[in-house]
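Heads up: the structure comes next, in structure tokens.
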Amino acid sequence: MAEKKKFLLRIDDNIYAALEKWAADELRSINGQIEYLLKDSLKKAGRFKSNAEESEINSNENNNPG
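So in the working numbering, spot 51 of the sequence shown is number 649, and the numbers just go up one at a time.
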């Protein structure tokens, strides 16, 4: 499994409380909930490529140098 990037996040107390409740409702940690929401938003915006898609792109670039 790939390493996960660690970083400090400063967040408003009210936002944290809402995330904490939402995470508990979905049986996730707060970190897991934030990661889930970010990934979902990136996918919806067309800015997230899965590992399989990345591998296919890299493979195509290596096989078809331009």
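All C-beta atoms in this analysis are idealised placements derived from N, C-alpha and C, irrespective of residue type, glycine included.
Taking only the alpha-carbon atoms, compute the straight-line gap between residue i and residue j and give it to the nearest angstrom.
i    : j    : result
E624 : I613 : 17 Å
L617 : L606 : 16 Å
K647 : K602 : 16 Å
G644 : D638 : 10 Å
N629 : K641 : 18 Å
W620 : Q631 : 8 Å
A600 : E633 : 15 Å
A622 : K604 : 22 Å
S627 : D611 : 17 Å
Is residue i helix, strand or coil when you go by DSSP?
i    : result
D611 : helix
E618 : helix
S665 : Nothing about residue 665 can be read from this structure; the chain reaches only from 599 to 664.
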